[in-house]
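Peer 1: Have a look at the structure that comes next, please.
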Amino acid sequence: MSEGFALGVLVAAVLAAGLIAGLFYSYSVSVMPGLARADARTYVEGMRGINVAILNGWFALSFGGAPVLALAAGLLHLPASLRPALPWIAAGFVLLLVMIIVTMTISVPLNNALDAGGTDFAAVRERFENAWVRWNNVRTFVSIAGFGCLVWALVVHARA
Numbered sequence: 002m003s004e005g006f007a008l009g010v011l012v013a014a015v016l017a018a019g020l021i022a023g024l025f026y027s028y029s030v031s032v033m034p035g036l037a038r039a040d041a042r043t044y045v046e047g048m049r050g051i052n053v054a055i056l057n058g059w060f061a062l063s064f065g066g067a068p069v070l071a072l073a074a075g076l077l078h079l080p081a082s083l084r085p086a087l088p089w090i091a092a093g094f095v096l097l098l099v100m101i102i103v104t105m106t107i108s109v110p111l112n113n114a115l116d117a118g119g120t121d122f123a124a125v126r127e128r129f130e131n132a133w134v135r136w137n138n139v140r141t142f143v144s145i146a147g148f149g150c151l152v153w154a155l156v157v158h159a160r161a
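First residue of the sequence shown? That's 2 in my numbering, and the numbers climb one at a time after it.
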């Protein structure tokens with residue numbers, strides 16, 4: 002493959018990682034603090050609505066695309082001339098993989114429990130809110146770190 006193609010895939014990985022990091026960041030600094038001000042029914046119904054709305058192609062493209070594109074960029078940077086960027090790409094990939102694991106093993110089960118929790122909104126919120134916010138902050142941190150690693154990989158690639 003050409004160096005231009007490898008660079009293009011890396012740029013796509015950076016864009017996808019930036020989008021997903023920005024999404025989780027916006028939850029951490031605005032969505033969840035805003036919902037925290039609501040009564041239990043509004044909070045639970047709001048989160049239930051968000052959990053339905055987020056399941057769309059645009060979310061899937063950045064959420065799944067970021068680690069897939071990072072992996073592809075890593076493979077394309079195996080040739081010796083491109084290898085200086087590889088450690089940063091690998092770190093970005095691993096961090097984005099952690100984001101996927103946290104989402105699939107913690108956030109999604111919490112979302113499912115919220116959806117199935119019934120109409121005792123105070124109890125449903127009590128079982129959901131603190132854990133979901135804590136783990137969203139973890140995936141925010143790792144996705145931002147992954148994005149940062151991929152951005153630095155671009156810098157290293159440009160210098161190579």
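We put the beta carbon where it would ideally sit given N, CA and C, even for glycine. None of the values given here were measured: they were computed from a predicted structure.
What is the DSSP secondary structure of residue 147, reduced to helix, strand or coil?
Peer 2: Working through the sequence shown from its first residue, we reach residue 147 at position 146. In the structure shown, residue 147 sits in a helix (DSSP, three-state: H, G or I).
Peer 1: Go to residue 104, then tell me how far its alpha helix (DSSP H) extends in each direction, as first and last residue.
Peer 2: Here residue 104 corresponds to residue number 103 of the sequence shown, with the count starting at 1. Note, residue 104: premise wrong, no alpha helix (DSSP H); not H, not E.
Peer 1: What do you reckon, are the CB atoms on residue 141 and residue 44 nearer than 8 angstroms?
Peer 2: For this step, residue 141 is matched to residue 140 along the sequence shown. For this step, residue 44 is matched to residue 43 along the sequence shown. Their beta carbons are not under 8 angstroms apart, which means residue 141 does not touch residue 44 by this criterion.
Peer 1: My understanding is that residue 41 touches residue 122, with C-beta atoms under 8 angstroms, so please give their C-beta distance in whole angstroms.
Peer 2: Locating residue 41 in the sequence shown gives position 40, where the first residue counts as 1. Locating residue 122 in the sequence shown gives position 121, where the first residue counts as 1. Yes, they are in contact, since the Cβ atoms of residue 41 and residue 122 sit about 4 angstroms apart, within 8 angstroms.
Peer 1: Excluding five sequence neighbours on each side, which residues of the same chain lie with their C-beta closer than 7 angstroms to the C-beta of residue 64?
Peer 2: If you number the sequence shown from 1, residue 64 lands on position 63. Contacts found: 21.
Peer 1: Going by C-alpha to C-alpha distance, which of 120, 146, 86, 28 sits closest to residue 7?
Peer 2: Counted from its first residue, the sequence shown places residue 7 at position 6. Taking only the C-alpha atoms, the option nearest residue 7 is 86.
Peer 1: Alpha carbon to alpha carbon, how far is residue 146 from residue 23? Give it in angstroms, no decimals.
Peer 2: In the sequence shown, residue 23 corresponds to position 22, counting from 1. In the sequence shown, residue 146 corresponds to position 145, counting from 1. Cα to Cα, residue 23 sits roughly 12 angstroms from residue 146.
Peer 1: Quick check: residue 10 and residue 155, are their CB atoms within less than 8 angstroms of each other?
Peer 2: Locating residue 10 in the sequence shown gives position 9, where the first residue counts as 1. Locating residue 155 in the sequence shown gives position 154, where the first residue counts as 1. Against a cut-off of 8 angstroms, the Cβ pair of residue 155 and residue 10 comes out as no contact.
Peer 1: How many angstroms separate the CA atom of residue 35 from the CA atom of residue 57?
Peer 2: Numbered from 1 along the sequence shown, position 34 holds the residue referred to as residue 35. Numbered from 1 along the sequence shown, position 56 holds the residue referred to as residue 57. If you take the alpha carbons of residue 35 and residue 57, they lie about 23 angstroms apart.
Peer 1: CB residue 71 to CB residue 90, shorter than 8 angstroms?
Peer 2: The count along the sequence shown starts at 1 and reaches residue 71 at position 70. The count along the sequence shown starts at 1 and reaches residue 90 at position 89. In contact: residue 71 and residue 90 (Cβ atoms closer than 8 angstroms).
Peer 1: Hey, out of 117, 100, 84, 96, whose CA is closest to residue 157's CA?
Peer 2: For this step, residue 157 is matched to residue 156 along the sequence shown. Looking at the Cα atoms, 84 is the closest of the given residues.
Peer 1: State the DSSP-derived secondary structure class of residue 113, mapped to helix, strand or coil.
Peer 2: Here the question's residue 113 lines up with position 112 in the sequence shown. Of the three classes helix, strand and coil, the one that applies to residue 113 here is helix, per DSSP.
Peer 1: How would you call residue 48, buried or exposed, if buried means at least 16 neighbouring beta carbons within 10 angstroms?
Peer 2: Mapped onto the sequence shown, residue 48 falls at position 47. By the neighbour-count rule (16 or more Cβ atoms within 10 Å), residue 48 is buried.
Peer 1: Less than 8 angstroms between the beta carbons of residue 31 and residue 100, yes or no?
Peer 2: Taking the sequence shown and counting its residues from 1, the one referred to as residue 31 is at position 30. Taking the sequence shown and counting its residues from 1, the one referred to as residue 100 is at position 99. No.
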